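Just below is one structure, and these are the notes that go with it.
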Amino acid sequence: MTQTDFTIHTIETAPEVVKDTLRTVEKDNGGYIPNLIGLLANAPTALETYRTVSGINRRNSLTATEREVVQITAAVTNDCKFCVAGHTAFSIKQIQMNADVLEALRKATPIENEPKLDVLAKFTVAVINTKGRVGQEALSDFLQAGFTHENALDVVLGVSLASLCNYANNLANTPINPELQPFALAD
């Protein structure tokens with residue numbers, strides 16, 4: 001797939017209303033703006049939604065590792081190469097996710113030796129593929145693994161955040177930043 005005609009904004013090209021946001025993102029990311037943010041700058045309310053929901057998602061009832069299981073699972077399920085790379089980088093650098101767990105998530109294979117995370121990944125796929133109509137068996141398996149109803153709704157929250165990012169990137173065929181290329185899936 002080739003690049004679409006969406007602009008990936010920089011601070012210089014972005015609408016005035018989002019320039020300060022892009023400056024903050026650049027500073028927080030060690031000197032670069034992830035192309036997802038440059039893309040969302042085309043729609044200031046989409047960028048605001050992403051930043052707001054990201055902040056809320058970071059406070060949800062799931063652990064940091066569990067939140068990344070949801071994000072990477074959604075990115076793989078939705079075939080969003082940009083988000084797979086971005087969340088892989090975050091999972092390695094920020095939360096030191098177990099390499100075997102990360103590899104299983106990226107390959108959409110069972111997570112060996114981490115049954116609770118495996119159930120979470122399967123539940124996330126079920127939420128996406130059934131549009132939330134996971135059925136009693138999937139919900140029971142999720143709850144029996146030690147998760148709660150609050151956790152189930154926070155998976156939906158994570159999927160909603162991932163959907164915004166994954167679908168926007170897939171719509172625009174967002175190129176992966178050079179900083180994230182080492183974390184991209186091999187073609």
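One point on numbering: in full-length UniProt numbering, the residue at position 186 of the sequence shown is 186, and numbering is uninterrupted. Glycine included, every Cβ here is placed at the ideal spot set by N, Cα and C. Note that the structure is predicted; figures quoted are calculated from it, not measured.
Buried versus exposed call for residue i [16 or more other C-beta atoms within 10 Å across all chains shown]
{"i": "residue 118", "result": "buried"}
{"i": "residue 85", "result": "buried"}
{"i": "residue 2", "result": "Bear in mind that the predicted position of residue 2 carries a pLDDT of just 49, short of 50, making it unreliable; the figure below should be weighed with that in mind. Exposed is the call here."}
{"i": "residue 105", "result": "buried"}
{"i": "residue 121", "result": "buried"}
{"i": "residue 129", "result": "exposed"}
{"i": "residue 87", "result": "buried"}
{"i": "residue 126", "result": "buried"}
{"i": "residue 198", "result": "With the chain running from 1 to 187 in the structure shown, residue 198 is simply not present."}
{"i": "residue 150", "result": "exposed"}
Short Cβ contact (9 Å threshold) for residue i with residue j
{"i": "residue 182", "j": "residue 82", "result": "no"}
{"i": "residue 107", "j": "residue 145", "result": "no"}
{"i": "residue 57", "j": "residue 158", "result": "yes"}
{"i": "residue 8", "j": "residue 19", "result": "no"}
{"i": "residue 90", "j": "residue 114", "result": "no"}
{"i": "residue 192", "j": "residue 25", "result": "What is shown of the chain runs 1 to 187, which leaves residue 192 out entirely."}
{"i": "residue 154", "j": "residue 60", "result": "yes"}
{"i": "residue 14", "j": "residue 41", "result": "yes"}
Range covered by the alpha helix (DSSP H) that runs through residue i
{"i": "residue 184", "result": "Careful: residue 184 lies outside any alpha helix (DSSP H) and carries neither H nor E."}
{"i": "residue 104", "result": "99-107"}
{"i": "residue 92", "result": "81-93"}
Proximity test, residue i beta-carbon vs the ligand MN heavy atom, cut-off 8 Å
{"i": "residue 25", "result": "The ligand content of the structure shown is nil, which means the ligand MN is not present either."}
(message) So, does the region 67-83 touch the region 165-180, judging by three or more C-beta pairs under 8 Å?
(response) yes
(request) Enumerate, from N- to C-terminal direction, the unbroken alpha helix (DSSP H) stretches of 4 or more residues contained entirely within the region 15-75. (result) 16-28, 35-40, 44-57
(request) List in chain order: all unbroken alpha helix (DSSP H) runs of 4+ residues lying wholly within the region 111-179. (result) 115-129, 135-144, 149-172
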